[in-house]
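Undergrad: With the first letter of the sequence shown counted as 1, position 253 gets the number 253 in my numbering; the numbers rise by one all the way through.
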Amino acid sequence: MSTYGASELILNPDGSIFHLHLHPEQIPDTVLLVGDPGRVALAGSMLTECRQVATNREFTSVTGFYHGKEILVLSTGIGTDNMDIVVNELDALANIDMQARVNKDDKRRLTLIRIGTSGSLQPDIPVGSRVASAWSVGLDGLMNYYRRPSNEPREKFETDINSYLSSIQGFPVVYAAPVAGSFLRQFNSGCLWGITVAAHGFYGPQGRNLRSELAYPELNDRLTHYKDETYRITNFEMESSALYGLSEILGHDALTICLIIANRARQKYLGDYTRHMEELIRYVLDTQT
1 MSTYGASELI LNPDGSIFHL HLHPEQIPDT VLLVGDPGRV ALAGSMLTEC
51 RQVATNREFT SVTGFYHGKE ILVLSTGIGT DNMDIVVNEL DALANIDMQA
101 RVNKDDKRRL TLIRIGTSGS LQPDIPVGSR VASAWSVGLD GLMNYYRRPS
151 NEPREKFETD INSYLSSIQG FPVVYAAPVA GSFLRQFNSG CLWGITVAAH
201 GFYGPQGRNL RSELAYPELN DRLTHYKDET YRITNFEMES SALYGLSEIL
251 GHDALTICLI IANRARQKYL GDYTRHMEEL IRYVLDTQT
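1) Determine the extent of the alpha helix (DSSP H) in which Gly38 is found, giving its start and end residues.
2) Between Lys156 and Met143, what straight-line distance do the alpha-carbon atoms span, to the nearest angstrom?
3) Can you tell me whether Gln169 is buried or exposed? The criterion is at least 16 other CB atoms within 10 Å of its CB, across all chains shown.
4) Please state whether DSSP places Asp97 in a helix, a strand or coil.
5) Nearest-angstrom Cα distance between Arg109 and Arg264?
6) Beta-carbon within less than 7 Å of Cys191's beta-carbon, same chain only, minus the 5 sequence neighbours each way: which residues are those?
7) Ends of the beta strand (DSSP E) at Ile113?
8) What does the alpha-carbon distance come out to for the pair Ala242 and Glu8?
9) In the DSSP output, which residue or residues are listed as bridge partners for Arg51?
10) Per DSSP, which one or two residues make a beta bridge with Tyr175?
11) How about the segment 29–37 and the segment 69–76: do they share at least three Cβ pairs that are nearer than 8 Å?
12) Which same chain residues, not among the five before or five after Gln26, have their C-beta less than 6 Å away from its C-beta?
13) Rounded to the nearest angstrom, what separates Thr117 and Val127 at their Cα positions?
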């Protein structure tokens with residue numbers, strides 16, 4: 001069995017993993033992922049026996065219990081590049097023997113739930129809504145660097161969405177990944193389900209132009225009008241494609257559920273969404289206990 005070299009599986013002097021500063025024994029089966037480090041405290045306030053585990057750069061974590069179930073809350077920062085770090089390091093902590101630097105024989109399947117904010121692309125999805133991602137479409141290209149398992153529904157969906165977007169001259173090929181786990185049943189009320197587009201930027205990739213000119217000004221309109229047999233494209237965010245794609249490869253259950261704080265079609269923005277976010281976090285916690 002081959003071992004992971006020091007430059008590939010990087011550990012800190014205390015034995016914690018490089019970016020997250022976490023140890024294997026600190027990873028429960030359920031992890032809530034939030035983008036904003038400040039949101040960790042909000043989620044932590046709903047847990048009993050809550051304590052801070054680690055903080056490094058944008059990665060802050062607390063652990064505690066909700067109705068007796070242990071939960072880790074971890075901030076990821078912004079973007080699929082950060083999510084690449086988070087999912088790989090959580091998986092390593094769960095499934096690699098850190099001392100021997102080899103894969104464990106018994107694999108753990110984590111439940112990774114991203115609770116985020118998002119912008120609606122549909123005029124009838126108002127600010128304050130909750131949207132769960134049945135699919136994520138990645139504009140970023142991250143998954144092009146990983147060998148992915150065969151998945152006929154995913155490959156069909158990717159072919160269809162790329163064919164649809166090919167009408168935009170020069171638009172890059174996108175990838176897609178499905179929700180994994182029993183989340184469709186768990187979240188069958190209290191939220192909308194749709195297709196989420198994960199952009200690799202907040203401005204141009206999401207069709208915002210301040211003092212710049214867009215290369216694909218028609219993108220948002222095209223996305224708004226896409227629909228497969230079940231779902232339509234509902235919203236933009238910046239992390240879900242990496243979370244879903246890597247979880248599919250590594251064997252974890254993953255969900256992204258977002259609070260809509262902007263409606264792009266109507267140019268509306270929800271200024272103070274603290275109460276809505278608190279309600280969303282509690283809604284997610286209640287489904288897991």
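Every residue, glycine too, gets a C-beta built ideally from N, C-alpha and C.
TA: Let me spell this out:
1) The residue labelled residue 38 in the question sits at position 38 within the sequence shown. Looking at the DSSP string, the run of the alpha helix (DSSP H) that includes Gly38 is Gly38 to Gly44.
2) Translated into the one-based positions of the sequence shown, residue 156 becomes position 156. Translated into the one-based positions of the sequence shown, residue 143 becomes position 143. Their Cα atoms are separated by approximately 16 Å.
3) Position 169 of the sequence shown, counted from the first residue, corresponds to residue 169. Exposed, by the Cβ-count rule.
4) Counting from one through the sequence shown, the residue named residue 97 turns up at place 97. Strand at Asp97.
5) The residue given as residue 109 occupies position 109 in the sequence shown. The residue given as residue 264 occupies position 264 in the sequence shown. Using only the alpha carbons, I get a separation of about 36 Å.
6) Here residue 191 refers to the residue found at position 191 when the sequence shown is read from its first residue. For Cys191, same chain residues with a beta-carbon under 7 Å away, outside a window of 5 residues either side, are Arg130, Val131, Ala132 and Ile257 in chain order.
7) Translated into positions along the sequence shown, residue 113 becomes position 113. Taken as a continuous stretch (DSSP letters only), the beta strand (DSSP E) holding Ile113 covers Thr111 to Ser120.
8) Taking the first residue of the sequence shown as 1, we reach residue 242 at position 242. Taking the first residue of the sequence shown as 1, we reach residue 8 at position 8. Straight-line spacing of the CA atoms in Ala242 and Glu8 works out to 20 Å.
9) The sequence position of residue 51 within the sequence shown is 51, counting from 1. Per the DSSP secondary-structure output, Arg51 pairs in a beta bridge with Thr63.
10) Taking the sequence shown and counting its residues from 1, one reaches residue 175 at position 175. DSSP, once it has assigned bridges, lists Gly138 as partnering Tyr175.
11) They touch, by the three-pair rule.
12) On the sequence shown, position 26 is the one that residue 26 refers to. In the same chain as Gln26, and ignoring 5 residues on each side of it, the C-beta atoms closer than 6 Å to its own belong to Val53, in chain order.
13) Position 117 of the sequence shown, counting from 1, holds the residue named residue 117. Position 127 of the sequence shown, counting from 1, holds the residue named residue 127. Between the C-alpha atoms of Thr117 and Val127 there is a straight-line separation of about 10 Å.
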